[in-house]
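Worksheet for the structure shown next.
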Amino acid sequence: DVKVTQSSRYLVKRTGEKVFLECVQDMDHENMFWYRQDPGLGLRLIYFSYDVKMKEKGDIPEGYSVSREKKERFSLILESASTNQTSMYLCASSLPPGRGASYEQYFGPGTRLTVT
Amino acid sequence: AQKITQTQPGMFVQEKEAVTLDCTYDTSDQSYGLFWYKQPSSGEMIFLIYQGSYDEQNATEGRYSLNFQKARKSANLVISASQLGDSAMYFCAMRGINTGKLIFGQGTTLQVKP
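Keeping their order, the protein sequence lines are chains A and B. Mapping the first sequence onto my numbering, position 50 (from 1) lands on 50, and the numbers just tick up by one. Position in the second sequence (first residue = 1) + 1000 = my numbering.
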């Protein structure tokens, strides 16, 4: 059974703290993604990675950075958390496109982050 | 730029009836893929169905079918014989064929009434 896990389901941090959100997948997928989900806005892509040590900005990268040192692990870093980063964060992984079929993204359970 | 629009923030349906969730998209790509995901209150995103832009047949997966109208750029999800467990938020998403990125719509909350 395919699996994407995230380090925490709920997290409360203070403004200015450095926050690490960890994501691990066991499917040997090349692609990994970080999204944030806010009511009325759907899911918005923060960063993604096509391979180890590779990263690309998504639609809303400001205030975030990422790290991918191993294929199975993709970390999202909030360098200095702010209240407007209070949100649900979802990690996903997939095979790369171009190999036929759908290659849908598999999602983790999400981390609900509150910054106070 | 690619864009997905879901115009129905919330919908109700009676148990055992069929329901259609609307999705329109905009893209200049010739090849792309369309997805529907379900998100129950527990938060996990569950993949439901996929339609490739060159697929001639509408995709079906059990009670889910995708009404793909390429000329109108619409990819509506049809759920037949609704069940109480279908109550959830539903997201339409699009991916360009050469990129792994997904663009999501705003979502539609479906409530199934007994």
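For each residue, glycine too, the CB sits at the ideal point set by N, CA and C.
When the Cα atoms are used, what is the spatial distance from residue i to residue j?
i, j, result
"B:ALA1093", "A:SER80", "31 Å"
"A:SER87", "B:ASN1067", "32 Å"
"A:PRO61", "A:ILE46", "5 Å"
"A:ALA92", "A:MET32", "6 Å"
"A:ARG36", "A:GLY63", "13 Å"
"A:PHE20", "A:GLU69", "14 Å"
"A:GLU104", "B:PRO1009", "24 Å"
"B:ILE1049", "B:THR1060", "7 Å"
"B:PHE1104", "B:ASP1026", "12 Å"
Does DSSP put residue i in a helix, in a strand, or in coil?
i, result
"A:THR83", "helix"
"A:LEU76", "strand"
"A:LEU113", "strand"
"A:GLY63", "coil"
"B:LEU1077", "strand"
"B:GLY1107", "coil"
"B:TYR1033", "Checking the sequence, you will find Gly at residue 1033 of chain B rather than Tyr. Strand."
"B:ASP1086", "helix"
"B:THR1020", "strand"
"A:LYS71", "coil"
"B:ALA1071", "coil"
"B:TYR1025", "strand"
Residue i CB to nearest chain C CB: under 8 Å?
i, result
"B:GLN1030", "Absence of chain C from the displayed structure is noted, the protein chains being A and B."
Can you list the residues of chain B that residue i reaches, using a CB-CB cut of under 8 Å?
i, result
"A:PHE48", "GLY1100, LYS1101"
"A:SER94", "GLY1100"
"A:ASN31", "GLY1100"
In chain B, what lies closer than 7 Å to residue i by C-beta?
i, result
"A:PRO109", "GLY1043, GLU1044"
Using a C-beta to C-beta distance shorter than 8 Å, which residues of chain A count as neighbours of residue i?
i, result
"B:TYR1090", "Going along chain A, no residue has its Cβ under 8 Å from B:TYR1090, so there is no contact; the nearest lies around 11 Å."
**Report entry** Minimum length 4: unbroken alpha helix (DSSP H) runs contained in the stretch 16-59 of chain A
**Finding:** none
Query - Positions along the stretch 1094-1106 of chain B whose CB lies within less than 9 Å of some CB in chain A - result: Listed in sequence order: ARG1095, GLY1096, ILE1097, ASN1098, THR1099, GLY1100, LYS1101, LEU1102, ILE1103, PHE1104, GLY1105, GLN1106.
Query raised in the report: Unbroken alpha helix (DSSP H) runs of length 4 or more, entirely within the stretch 1039-1063 of chain B: which are they?
Result: none
Requested in this report: With 7 Å as the C-beta to C-beta threshold (strictly closer), list the residues of the stretch 1057-1082 of chain B near chain A in chain order.
Outcome: none
Query raised in the report: Can you list, in chain order, the residues of the stretch 1003-1017 of chain B whose Cβ is nearer than 9 Å to any Cβ on chain A?
Result: ILE1004, GLN1006, PRO1009
**Report entry** Interface residues of the stretch 55-89 of chain A facing chain B [CB-CB below 8 Å]
**Finding:** GLY58, MET88
Query raised in the report: Going along the chain, which residues of the stretch 6-32 of chain A sit with their C-beta nearer than 7 Å to a C-beta in chain B?
Result: ASN31
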